[in-house]
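Visitor:
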Amino acid sequence: MKNMLNVFAAAVLFVTFSCIYAYAEEPVVEEQPATEKTSSKPKNIQGIEVLTGYSHGTLAHDGSHKVIPLIVDINFNFKNITKKIGINPPSMIVFQLEPFFNNAFEPGWNMELGTAFAFKAGLVPETWKLQPYVKLGAGMLYENLHTPHQATGFNFIEFGGCGMHYFIKKNIALTIEGRIRHMSNASIRDPNHGINSYSGMAGILYNF
Numbered sequence: 207m208k209n210m211l212n213v214f215a216a217a218v219l220f221v222t223f224s225c226i227y228a229y230a231e232e233p234v235v236e237e238q239p240a241t242e243k244t245s246s247k248p249k250n251i252q253g254i255e256v257l258t259g260y261s262h263g264t265l266a267h268d269g270s271h272k273v274i275p276l277i278v279d280i281n282f283n284f285k286n287i288t289k290k291i292g293i294n295p296p297s298m299i300v301f302q303l304e305p306f307f308n309n310a311f312e313p314g315w316n317m318e319l320g321t322a323f324a325f326k327a328g329l330v331p332e333t334w335k336l337q338p339y340v341k342l343g344a345g346m347l348y349e350n351l352h353t354p355h356q357a358t359g360f361n362f363i364e365f366g367g368c369g370m371h372y373f374i375k376k377n378i379a380l381t382i383e384g385r386i387r388h389m390s391n392a393s394i395r396d397p398n399h400g401i402n403s404y405s406g407m408a409g410i411l412y413n414f
């Protein structure tokens, strides 16, 4: 499990510093007539997304784990990095910083507070109005649920899912997304049975 933690830490550091490096570049300056003032906009921060919905997991000892998630995704255009190595697909490739606050109501009240990192890849060109995508991510959280499953409130999460954007305007899209998530403490302390959950969410995306 120590190796797993080392790999996780290395992956988090890699994607974080990659995005910091990309964001540190000069901003894009829009070409305008000489009589007008030039303006700049961020080159790599692509947009922000808010998701909520319902999540359900099964606890072997305590029945169900039911959660209402509240997730905010800060999207970075990862194609600015892939272009440097000659990869420039027509679909989106987005790195996401994902803080979240989840409110669980069964068994009993519980809150999950944490941050995740994710990659989201589109399956069709970015110009399409309807854009399906897949997503993979990992992160960490603190939760105050006390069950025979988990010996500590500090846990790691890994998740995967798929979804779809429908652009109602050029820079605004409605989103639906489904996820599968695993939560455990990586055997930092026993017991560590882990909790698997399934989520269905909807939200809105705003691109800058």
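Letter by letter, the sequence shown follows residues 207 to 414 in this note's numbering. Just so it is clear, CB atoms sit at the ideal spot from N, CA and C, and this is done for glycine as well.
1) Considering just the uninterrupted stretch of the alpha helix (DSSP H) at Ile251, what are its terminal residues?
2) Specify the secondary structure class of Ile293 as computed by DSSP and reduced to three states.
3) Roughly how many angstroms lie between the CA atoms of His388 and Gly406, to the nearest whole one?
4) Going by the DSSP bridge assignment, what does Lys272 pair with across the sheet?
5) Here's the rule I'm using: 16 or more other beta-carbon atoms within 10 Å means buried, otherwise exposed. How should Glu332 be labelled?
6) What is the rounded straight-line gap between the Cα of Leu329 and the Cα of Asn361?
7) Whose C-beta lies closer than 6 Å to the C-beta of Leu303 among residues of the same chain, with five residues either side of it excluded?
8) Which same chain residues end up closer than 7 Å to Gly253 when comparing Cβ atoms and leaving out the 5 residues on each side of it in sequence?
9) If you draw a straight line from the C-alpha of Tyr372 to the C-alpha of Gly409, how long is it?
10) Would you say the stretch 385–402 touches the stretch 255–266, given that touching needs at least three Cβ pairs under 8 Å?
11) Taking Asn361 as part of the beta strand (DSSP E), name the residues at either end of that continuous run.
12) Kindly indicate which residue of Gln337, Asn350, Ile277 and Gly369 has the alpha-carbon position closest to the one of Lys376.
Guide: Considering the structure as presented:
1) Per DSSP, Ile251 lies in no alpha helix (DSSP H) segment; the continuous beta strand (DSSP E) that holds it begins and ends at Ile251 to Leu265.
2) In the three-state DSSP reduction, Ile293 falls in the coil class, being neither helix nor strand.
3) Cα-Cα distance, rounded: 15 Å.
4) Its beta-bridge partners are His262 and Glu312.
5) Looking at its Cβ environment, which holds fewer than 16 other Cβ atoms inside 10 Å, Glu332 is exposed.
6) If you take the alpha carbons of Leu329 and Asn361, they lie about 31 Å apart.
7) So the qualifying residues of the chain are Ile280.
8) Setting aside the 5 residues that flank it on each side, Gly253 is surrounded in the same chain by Asn281, Leu411, Tyr412, Asn413 and Phe414, each with a C-beta closer than 7 Å to its C-beta; the list follows chain order.
9) Each residue's Cα considered, the two are about 11 Å apart.
10) Taking a cut-off of 8 Å for Cβ pairs, the stretch 385–402 and the stretch 255–266 touch, as three or more such pairs fall below it.
11) For Asn361, the enclosing beta strand (DSSP E) begins and ends at Phe360 to Phe373.
12) When only C-alpha atoms are compared, the closest one is Gln337.
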